[in-house]
Amino acid sequence: MENGKGQEPEFVVLRSNRRKNLRKQLVVLKVMGADTRGTFFGYAKTLSRGGMYIASVNPRQVGEEFEITFNLSDGEPDIKCRCVVVWQREYKPHSPDPGMGIKFIDLN
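The letter at position 90 of the sequence shown is residue 92 when you use this note's numbering, and the numbering goes up by one with no holes.
Here's what the structure looks like:
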């Protein structure tokens, strides 16, 4: 890896992986959420035992709790649980997908 001047860097800073659970990349997983603000739909892009990333142009605010419903495969029953938003990214042109990272609260 070069530093842009045709030279190898003297050192590389590595970030530790702070994730507790492995992530599963999903093609598309439709997610429905409901709370006092009403119902919303989004698409999960990654899923782990602890939570998921939901792509949405209207992400909820960090700290908001709500119930979500999703299905992992056809023919299986829907999964419902409460969750909390742990981070979010608003829509900005030329930026990664807007959305929110949620943590499952009562998923067994």
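All C-beta atoms, glycine included, are put in the ideal place defined by N, C-alpha and C.
> For GLU92, which residues from the same chain have a beta carbon less than 8 Å from its beta carbon, with the 5 sequence-adjacent residues on both sides left out?
Replying inline: As a working note, residue 92 is residue 90 in the sequence shown. Excluding sequence neighbours, GLU92 sits near PRO61, PRO100.
>> Tell me which residues share the same chain as CYS83 and place their Cβ nearer than 6 Å to its Cβ, disregarding the 5 neighbours each side in the sequence.
In response: One-based indexing of the sequence shown puts residue 83 at position 81. Same-chain partners within the cutoff: PHE106, ASP108, LEU109.
> In the structure shown, what three-state DSSP assignment does VAL64 receive?
Replying inline: On the sequence shown, residue 64 is found 62 positions in, with the first residue counted as 1. Three-state DSSP puts VAL64 in coil, outside helix and strand.
> The beta strand (DSSP E) spanning LEU109 covers which residue range?
Replying inline: By 1-based counting over the sequence shown, the position of residue 109 is 107. No beta strand (DSSP E) holds LEU109; DSSP gives it neither H nor E.
>> Please return the same chain residues whose Cβ sits closer than 6 Å to the Cβ of GLY103, not counting the five positions on each side in sequence.
In response: Taking the first residue of the sequence shown as position 1, residue 103 is located at position 101. Only TYR55, VAL88, TRP89 meet the Cβ criterion.
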